[in-house]
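Protein chains in written order, with my numbering: chain A, 9 to 299; chain B, 68 to 345; chain C, -13 to 325.
Okay, so here's the structure we're looking at.
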Amino acid sequence: MTGWLDAHLVSMVDGVAYGLLLFTLAVGLSLVFGMMDVLNLAHGTLYLAGAYTAYALSDGSWLGLLVALLVGLLVGLAGGGLLAAAVAPLQGRGHLDQAALTLGIALIAAEVMAMFFGAEVLPTAPPGSLARSVSVLDHSYPLYRLVFIAVAGVLAVLVYLAFERSSVGALVRATVADRDMVRAMGVDTRKVLFGVFAFGAVLATVGGVLGAPIIAPGPGIDDRVLVLSLVVIVIGGLGSVRGALLGALLIGQVQTLGVALTPAFAPFLLFGAMLLVLVLRPQGLSSLGRA
Amino acid sequence: MTQQDAAPGSGTHDGGQGDGPVPALRVEGLSRHFGSLKAVEDVSFKVRPGSRHAVIGPNGAGKSTLFALTAGALRATAGRVWLHGDDVTSLTEHARARRGLVRTFQHSSLFLRATARENVLLAVQRRHGVQAQPWRAVTRRSALVREADEVLDRLLLSHRSGQLAGALSHGERRQLEVAVALAAAPSVLLLDEPAAGMSPADTHAFQEIVLGLPPELTVLLVEHDLDLVFGVADHVTVLHLGRHLLTGLPAEVRASDEVQHAYLGAEDTSALFFEEQE
Amino acid sequence: MSTDAGLRSRGRRLPLRTAVLVAVVTVLLLLVPWVFGAFTVMTFTRALVFAVLAMSVNLLTGVAGMPTLGQAAYFGVGAYTGALVGIHWSELGVVQLALATLAGVVAAVLTGPLAIRGRGVAFLMITLAIGEIGYTAAGRLDSVTGGTDGMSGIPPVVVTPGGSGLVNEGLIYYYVLVVAAVSYAAVAVLLRSPFGLTLRGLRDNESRLRSVGYRTDSYALAAYVYAGGLAALAGSLWASSQRFVAPGDLGFEISALALLAVIVGGVGSMWGACLGALLVVFTRDYLGQQLSGHAPLLLGILFVLTVYLLPQGVAGGRAQWRRLFPKDHGGDPGTVTPT
């Protein structure tokens, strides 16, 4: 047992880092869908924008990372606001139109980014002092990933506390549970729409800035993280911060430990898990309205 | 794919309990609990063939739940439902519908992007067993169309047959609601608050429609509008807090002190039946 | 939204107008190989194949109300089946089409019960998972599909027994055109049939359908199987016209583009789906090439503009077109739009 654990420790720790990264993406997607009933297929684009920001601005110094984080935050705010403004006129027109619109925006944005950054995947270096490996239980492991786990872990806890404990979180949870009721109580849903979109977008771009050394930016990365986030929210349940965290950690392990254990079946494992959850509990998603 | 037409009362066992004709519909000990809430608790009554039977009760009496249990849209926690002497408790909603137990919906539940005629045709084609045929236009099947138009005619909707259901007025939608159910050729028709949201004039017109239904058709009606109830019903069942209070003739129900106390919480029955007590 | 008068007057005028329109479109489609060069003809061929796939997606999404992101999986089943039949057994087009369709039907019968467990977004996500699993499988089953390298060496399709294979792109175009036209006719008949009405009922109000005696899951499954067969038929056309099949042909991108083609064309309208497919393929392959590979940008602009300017798609009512290009006076009093 300890031998097995020892052999796969690196994969498992990788899985945690990967899972926490997915969480920063999935939580925004999940809340926007759960609260506002908006299927935002441009969410992966936000990660990519954040990751490119990190690539462009981080020069191996701490200052570079800090600047990248700040710019990433602004990019997230702007992107979230733009997306919210774009889908606002589509109220009541169903998920298909939202999907077409946000996918269209994603295509445009991806192409614009490709014009600036080219068609290659761009490996992004973490700050110099973190760009080395440390020894963990006799395994050599990249220090940056450990730091990322710590930072993203704190972020996850903060998000979780904000939604479970604060009054804003209560409003969010109430909106997920009964959108019409909250609307009837006189809450300005337009403001909530912008707020939730901006929050989710900032999380995604900040996740992109911090995650660039782990999932490097490049064409197609936006689709990949989008699909993974969709899998996470299907497994974790809609509009639930806790569900998104658990789902993300699970998918993180599937993507790393799964690949290490059964390289041939790992890709099936991912969507097999999603299929299983949907077939067993289809009402988890469908109760929130039809496309 | 069983074809139904007024499911025969054969194979009866226990459903009629031997006294008199086999009831068209009988519920026995029907209960439905939602957690600790007993929405319907141990309700039993019978509906005679050809009867116009109303279920009334104050808000929260469990009328809607009872209705859903009878139609098969909800599973009962306990109790049984018999249709013409056959136990249908374990059957799903669509299977009960095929045996002749057809419901309407309190909030009009129509096919809004289809025409009024197509709404009715959906029920007609199912009854003819052609609903899965992928050839020959449904509107060219004259037997089906004639049947659909007859039903629309009976519900005074002939002039609207080509309109999308979504373009009909509220009152017309209520009529179409009944037309769709009738087109499924029920032997027992369940009407869920058919007059909900209707104007007094519409309600009156609707009362005429109900009175004009074929006498052999059994109608069970859940309704708030007591004018309509006492205008059409020959039997009335009263529910209170999920329990069965009384089943009897309209006159008996009106005269009952029990109903007066429980139903109204008021001392004066006339507040309830003033229209009828001239 | 048209007024009552608009609907009725349109109903009366329809037959002649439709006949003329069908005749014009047929002539134009028949002229394509005589007018355009090889590249454009091949683009038309791809567009026609894509139109059949879009019809399949529309049958589920627009008619039965079940939006799907997984039809490329059945498209792929048909493509690989058609290719394998062509390589190993028969170069006859009819045989390839029949067996490919059968394979698609079998695949849909096997996977459909899973898919129809959900409706709406849940259905969308289940079909997404099915599509991704199909894509992964195509890349891994090397012995059957040739893996990620794809499957080449598909012989030219033969139309009549003993005839010679179609290698000329004009002839291939006609082969695809005939099959696509027959598919369109079959779907058009289906839409007007009782089964078509049943599917529209499923879309509009499933619980009401149940209450008049429909076992609705059966019809949802039936729709899924029809659509699966149609997608596989399109796949076989793809194999015959491209003579190369790769896992990319059943990727998420194909499913998504097919769904978007349906949305651009107008959800629920079959000629809209075909027009949408034409628009998407020409934007991607033709305009995209003219603009040195910026196809995704153009597609993105196409989708965004459609959603904002033509909410009901290209095929959806003249009212929205009129709003875009207002005339000085309403020419047709029958179709004045109330707002």
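Glycine is no exception: its CB is placed at the ideal position from the N, C-alpha and C atoms.
In DSSP terms, what residue i is bridged to
{"i": "Tyr149 (chain A)", "result": "A:Val142"}
{"i": "Arg147 (chain B)", "result": "B:Glu95"}
{"i": "Phe273 (chain A)", "result": "Answer by DSSP bridge pairing: none, since Phe273 (chain A) is not bridged."}
{"i": "Asp287 (chain A)", "result": "Sequence check: residue 287 (chain A) is Val here, not Asp. None; Val287 (chain A) has no bridge partner."}
{"i": "His100 (chain B)", "result": "B:Lys105"}
{"i": "Arg170 (chain B)", "result": "B:Leu257"}
{"i": "Leu78 (chain C)", "result": "C:Val144"}
{"i": "Leu296 (chain C)", "result": "Answer is none; Leu296 (chain C) lacks a bridge partner."}
{"i": "Val231 (chain C)", "result": "C:Met137"}
Whole-Å CB distance - residue i paired with residue j, under 8 Å assumed
{"i": "Ala247 (chain C)", "j": "Gly262 (chain C)", "result": "4 Å"}
{"i": "Leu257 (chain B)", "j": "Val169 (chain B)", "result": "7 Å"}
{"i": "Ala114 (chain A)", "j": "Ala50 (chain A)", "result": "4 Å"}
{"i": "Thr183 (chain A)", "j": "Val200 (chain A)", "result": "7 Å"}
{"i": "Ala225 (chain C)", "j": "Gly68 (chain C)", "result": "4 Å"}
{"i": "Val277 (chain B)", "j": "Val247 (chain B)", "result": "About 16 Å separates the two Cβ atoms, so there is no contact after all."}
{"i": "Gly274 (chain C)", "j": "Leu264 (chain C)", "result": "That pair is no contact at about 14 Å."}
Alpha helix (DSSP H) segment containing residue i, residue limits
{"i": "Leu111 (chain A)", "result": "103 to 125"}
{"i": "Leu158 (chain B)", "result": "It is not in any alpha helix (DSSP H) - Leu158 (chain B) carries neither H nor E in the DSSP assignment."}
{"i": "Asp203 (chain C)", "result": "202 to 228"}
{"i": "Glu118 (chain C)", "result": "107 to 126"}
{"i": "Leu188 (chain B)", "result": "183 to 194"}
{"i": "Asp220 (chain B)", "result": "209 to 221"}
{"i": "His352 (chain B)", "result": "Lying outside 68 to 345, the shown extent of chain B, residue 352 (chain B) is not represented and no answer is given."}
{"i": "Thr184 (chain C)", "result": "180 to 190"}
{"i": "Glu239 (chain B)", "result": "237 to 250"}
{"i": "Met265 (chain B)", "result": "Premise fails: Met265 (chain B) is in no alpha helix (DSSP H) and is neither H nor E."}
{"i": "Arg198 (chain A)", "result": "197 to 219"}
{"i": "Ser228 (chain B)", "result": "Note, Ser228 (chain B): premise wrong, no alpha helix (DSSP H); not H, not E."}
{"i": "Ala3 (chain A)", "result": "No answer is possible for residue 3 (chain A): the residues shown for chain A start at 9 and end at 299."}
{"i": "Trp12 (chain A)", "result": "10 to 44"}
{"i": "Asp230 (chain A)", "result": "229 to 244"}
Check: residue i C-beta below 8 Å from any heavy atom of the ligand ZN
{"i": "Ala170 (chain A)", "result": "The ligand ZN is absent from the structure shown, which contains no ligands of any kind."}
Range covered by the beta strand (DSSP E) that runs through residue i
{"i": "Arg310 (chain B)", "result": "310 to 315"}
{"i": "Ala106 (chain B)", "result": "104 to 114"}
{"i": "Ala121 (chain B)", "result": "119 to 123"}
{"i": "Val286 (chain B)", "result": "285 to 289"}
Quick check: the stretch 29 to 36 of chain A against the stretch 234 to 252 of chain A, are at least 3 beta-carbon pairs closer than 8 Å?
yes
Assess, as a yes-or-no matter, whether the stretch 197 to 210 of chain B is touched by the stretch 169 to 183 of chain C under the definition of 3 or more beta carbon pairs within less than 8 Å.
yes
Which residues, in chain order, does the stretch 69 to 94 of chain C contribute to contact with chain B at a C-beta distance below 9 Å?
Per Cβ criterion, the list is empty.
Please confirm if the stretch 87 to 98 of chain B is in contact with the stretch 288 to 299 of chain B, defined as three or more CB-CB distances below 8 Å between the two stretches.
no
I want to know whether the stretch 203 to 220 of chain C touches the stretch 96 to 103 of chain C - three or more CB-CB distances under 8 Å.
Touching, per the Cβ criterion.
Tell me whether the stretch 199 to 209 of chain A and the stretch 84 to 94 of chain A touch, counting them as touching only if at least three CB pairs, one residue from each stretch, are closer than 8 Å.
Judged by Cβ distances under 8 Å, the stretch 199 to 209 of chain A makes contact with the stretch 84 to 94 of chain A, as three or more pairs qualify.
Give a yes or no on contact between the stretch 114 to 128 of chain A and the stretch 225 to 245 of chain A, applying the rule of three or more CB pairs nearer than 8 Å.
yes
The stretch 37 to 55 of chain C: which residues have C-beta closer than 7 Å to a C-beta of chain A, in chain order?
Pro53
If contact is defined by three or more beta carbon pairs under 8 Å, each pair taking one atom from either stretch, is the stretch 187 to 206 of chain C in contact with the stretch 187 to 197 of chain B?
yes
If you measure beta-carbon to beta-carbon, which residues of the stretch 167 to 183 of chain C are closer than 8 Å to chain B?
Under the 8 Å Cβ criterion, the stretch 167 to 183 of chain C contributes Val175, Leu176, Arg178, Ser179, Pro180, Phe181, Gly182, Leu183.
Three or more C-beta pairs closer than 8 Å, one from the stretch 223 to 232 of chain C and one from the stretch 140 to 151 of chain C: is that the case here?
yes
Are three or more beta carbon pairs between the stretch 102 to 113 of chain B and the stretch 296 to 311 of chain B nearer than 8 Å?
yes
When you compare the stretch 218 to 233 of chain B with the stretch 212 to 225 of chain C, are there three or more beta-carbon pairs, one atom per stretch, that lie closer than 8 Å?
no
Closer than 8 Å, Cβ to Cβ, to anything on chain A: give me those residues from the stretch 104 to 138 of chain C, in chain order.
Gly104, Arg105, Gly106, Val107, Ala108, Phe109, Leu110, Met111, Ile112, Leu114, Ala115, Ile116, Glu118, Ile119, Thr122, Ala123, Arg126
Contact residues within the stretch 255 to 289 of chain C, judged by C-beta distance below 8 Å to chain A
His280, Pro282, Leu283, Leu285, Gly286, Ile287, Leu288, Phe289
Chain C contacts made by the stretch 200 to 212 of chain B, where a contact means CB separation under 9 Å
Gln200, Pro201, Trp202, Arg203, Ala204, Val205, Thr206, Arg207, Arg208, Leu211
Could you run through the stretch 241 to 252 of chain C and flag, in chain order, every residue whose CB is less than 8 Å away from some CB of chain B?
none
Anything in the stretch 148 to 168 of chain B with a Cβ closer than 7 Å to a Cβ of chain C? List those residues in chain order, please.
Glu160, His161, Ala164, Arg165
Cβ-based contacts, 9 Å cut-off: residues of the stretch 193 to 215 of chain C near chain B:
Listed by position along the chain: Ser193, Arg194, Leu195, Arg196, Ser197, Val198, Gly199, Tyr200, Arg201, Thr202, Ser204, Tyr205, Ala208, Tyr212.
Chain C contacts from the stretch 97 to 111 of chain A (Cβ-Cβ distance under 8 Å)
Pro97, Leu98, Arg101, His103, Leu104, Asp105, Ala107, Ala108, Leu109, Leu111
Segment contact, 8 Å Cβ cut-off, at least three pairs: the stretch 60 to 74 of chain A with the stretch 267 to 275 of chain A:
no
Is the stretch 254 to 274 of chain C in contact with the stretch 287 to 307 of chain C, if contact means three or more CB pairs nearer than 8 Å?
Taking a cut-off of 8 Å for Cβ pairs, the stretch 254 to 274 of chain C and the stretch 287 to 307 of chain C touch, as three or more such pairs fall below it.
Closer than 8 Å, Cβ to Cβ, to anything on chain A: give me those residues from the stretch 293 to 310 of chain C, in chain order.
Listed by position along the chain: Val293, Tyr294, Pro297.
Is the stretch 180 to 194 of chain C touching the stretch 11 to 29 of chain C in the sense that three or more CB pairs, one from each, lie closer than 8 Å?
no
Would you be able to state if there are at least three C-beta pairs under 8 Å between the stretch 20 to 34 of chain C and the stretch 155 to 173 of chain C?
Taking one beta carbon from each stretch, the stretch 155 to 173 of chain C and the stretch 20 to 34 of chain C have 3 or more pairs nearer than 8 Å; the two touch.
I want to know whether the stretch 164 to 183 of chain B touches the stretch 257 to 267 of chain B - three or more CB-CB distances under 8 Å.
yes
When you compare the stretch 121 to 140 of chain C with the stretch 233 to 252 of chain A, are there three or more beta-carbon pairs, one atom per stretch, that lie closer than 8 Å?
no
Is the number of C-beta pairs between the stretch 14 to 26 of chain A and the stretch 41 to 55 of chain A that are closer than 8 Å three or more?
no
If contact means a Cβ-Cβ distance below 7 Å, which residues of the stretch 267 to 280 of chain B contact chain C?
Among the residues of the stretch 267 to 280 of chain B, none has a Cβ less than 7 Å away from any Cβ of chain C.
Proximal residues, the stretch 117 to 136 of chain A versus chain C, C-beta separation under 7 Å:
Ala118, Glu119
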